[in-house]
Each structure stands twice: as C-alpha cells, then as structure tokens.
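In my numbering, the protein residues as written are 89 to 303. Backbone N, C-alpha and C define an ideal beta-carbon position, used for all residues, glycine too. Right, one structure below, let's go through it.
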Amino acid sequence: MTKKERYQSVLSYFQQQVPIAETELLYQNPFELLVAVILSAQCTDKRVNLTTPAIFKQFPTPQKMAKASFEELFALVKSISYPNNKTKHLIGMSNLLLENFDGEVPLTVEALVTLPGVGRKTANVITSVVDKQPNMAVDTHVFRVSRRIGLVPMTAKTPLAVEKELIKFIPKELVHTAHHWLILHGRYTCLARSPKCNACGLIPFCKEGAKKSAS
C-alpha cells in the first residue's frame, strides 16, 4: 500500500464512520475555548469540563479574568494539573489580550503564540476549531496514532515533524476535522498501552495492524 493509498483509505473510513468530529472541550466562545485549551495541557478534557463552568461563571471575559487575583483564580483551577503555572498563564493571557488585541482572541498562530500558556499546539487548536483553518494540532494522541497507522514515518520524532507530514498529505478542507478524528481514535480505540485492535476498523490500512496480522 502506498502512502497516498493509506491516507485515502484512512480518511475515507473516518468520513464514513465519524462524519462529525469535534473537540470534547465545552465552550461558548473563542475566549472560553482558549481558557479550556490552556487548562487541558497534560490534563483530560473530562477534568477540564468539570472545572471550567465555575471559572466561566466568575470570569467570563478577558476583562474580568485580567483583574482576578492569583488566589481567586487558583481556587478554581487547583484540581487541574500544574495549577500554579496555569493560573499565572490565564491571568497573563487575559492581560495581553486586552493590551495587544482589544480583548479579542486573535485567529492567527503567530499572534496566539505570543500569549502566556499558548504554544503552537494550542494555537493550532484555536485556529482550526474556531476558524476551520487547515492547522494540525499534534497532541500525544495524534502523534501516537499517525505514526502507528503509518501516516507518518517513525523517523518523525517531534510534534512539528508529524504536523508537517500530516498537512502535506491531508486535503486542506479536511485538516481541521482530521485533527479530531486522530485524537478521538487515540483516546478511545488506539490506546497507548493496550490498543483495541480487535475493535479497530483501520486495521486493514494500519502498519502496526499488518505486523500483528502477520505474526
């Protein structure tokens, strides 16, 4: 199977089986999504979704969050991983939104990465989810699944290398959805330690699956 054929087969499978794929983070506007994605670093979406309602109720806008004291916001963030850093990032991010972007979440990767707590992955999430830009956020699931299936060579050792390879072969109009396909597949089927290969519809197109079938 050529790489082109593998991509076509995998994308076709997802289009048929998971026509609608979206972030599992709960939000109502770009600011809430930005807060949720910052909090989700090395934390589950489920935990974030349990935490954000109280945060959004008390600090629904950059204007209000920028004025929050560390102690006030930390009390709401403390159940999340790395609460000290994330509390500082949220307050700093809100202040910079006001100072540099008139309180609006910018929708370019270049602008977003200037905000505290926002790296390339987070910026790619925001721009692809809010604006459907063809930006591929590579988290641990995307990294693992794309390499296991064989969409990306095992020699791609960094998230940026994986990102570049994926956007080279995935049609632009599908990139923002493919991001979620790969995440959800990694979260529920292609698990890190015990992948559910017996329940996986991608086995016919999967490099690791082919190895298992041959052994």
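Query - A266 (DSSP reduced to helix, strand or coil) - result: Of the three classes helix, strand and coil, the one that applies to A266 here is helix, per DSSP.
Requested in this report: Return the residue from the list V226, K256 and L248 that minimises the CA-CA distance to L272.
Outcome: Out of V226, K256 and L248, V226 has the C-alpha closest to the C-alpha of L272.
Requested in this report: Give a yes or no on whether the C-beta atoms belonging to M153 and V125 are separated by under 9 Å.
Outcome: The Cβ atoms of M153 and V125 lie no closer than 9 Å to each other.
**Report entry** Buried/exposed call for F119, threshold 16 Cβ in 10 Å
**Finding:** Result: buried.
Report task. May I have the straight-line CA-CA distance separating G207 from P283, to the nearest angstrom? Result -> Each residue's Cα considered, the two are about 29 Å apart.
Query - Rounded straight-line distance, which links the Cα of L239 to that of P194 - result: Cα to Cα, the separation comes out at about 31 Å.
Query raised in the report: In three-state DSSP terms, what is L200?
Result: In the displayed model, L200 falls within a helix according to three-state DSSP.
Query - Unbroken alpha helix (DSSP H) run spanning S216, endpoints - result: Going by DSSP, S216 is part of the alpha helix (DSSP H) stretching over R208 to D219.
**Report entry** S128 burial status per 10 Å Cβ neighbour count (16 or more: buried)
**Finding:** S128 comes out buried.
Query raised in the report: So the alpha helix (DSSP H) N117 belongs to, where does it begin and stop?
Result: Per DSSP, N117 lies in no alpha helix (DSSP H) and is assigned neither H nor E.
**Report entry** Inter-stretch contact (C-beta, 8 Å, three-pair minimum) for the segment 103-112 and the segment 184-198
**Finding:** Short answer: they don't touch.
Requested in this report: Closer than 8 Å by C-beta to L161: which residues in its own chain qualify, once you throw out the five before and the five after it? Chain order, please.
Outcome: Within the same chain, Cβ atoms closer than 8 Å to the Cβ of L161 are found at I143, F147, M153, T175, L178 and I179, the five residues on either side in sequence being excluded.
Requested in this report: Please report the Cβ distance between R232 and G274, rounded to the nearest whole angstrom; I am assuming they are in contact, meaning their Cβ atoms lie under 8 Å.
Outcome: Between G274 and R232 the Cβ distance is about 6 Å, and since that is below 8 Å, they are a contact.
Report task. Report the rounded CA-to-CA distance for L164 versus T139, giving the unit in angstroms. Result -> Approximately 7 Å, taken between the alpha carbons.
Requested in this report: Answer yes or no: do K222 and E251 have a C-beta to C-beta separation smaller than 9 Å?
Outcome: This sequence places Pro at residue 222; Lys is not what is there. Not in contact: P222 and E251 (Cβ atoms no closer than 9 Å).
Query - Reference P107, options P150, D219, A249 and A266, closest by Cα - result: Nearest C-alpha to P107: A266.
**Report entry** Unbroken stretches of the alpha helix (DSSP H), 4 residues or longer, contained in the segment 148-202
**Finding:** Within the segment 148-202, the complete alpha helix (DSSP H) runs of at least 4 residues are 150-154, 158-165, 171-189 and 197-200.
Report task. In the DSSP assignment, find the unbroken alpha helix (DSSP H) run with D227 in it and report its ends. Result -> Boundaries for D227: no alpha helix (DSSP H) harbours it, and the DSSP string shows neither H nor E there.
Requested in this report: Could you name the residues of the same chain whose beta carbon sits closer than 8 Å to that of R242, not counting the 5 residues immediately before and after it, in chain order?
Outcome: For the sequence presented, residue 242 should be read as Met rather than Arg. Hits under 8 Å: R235.
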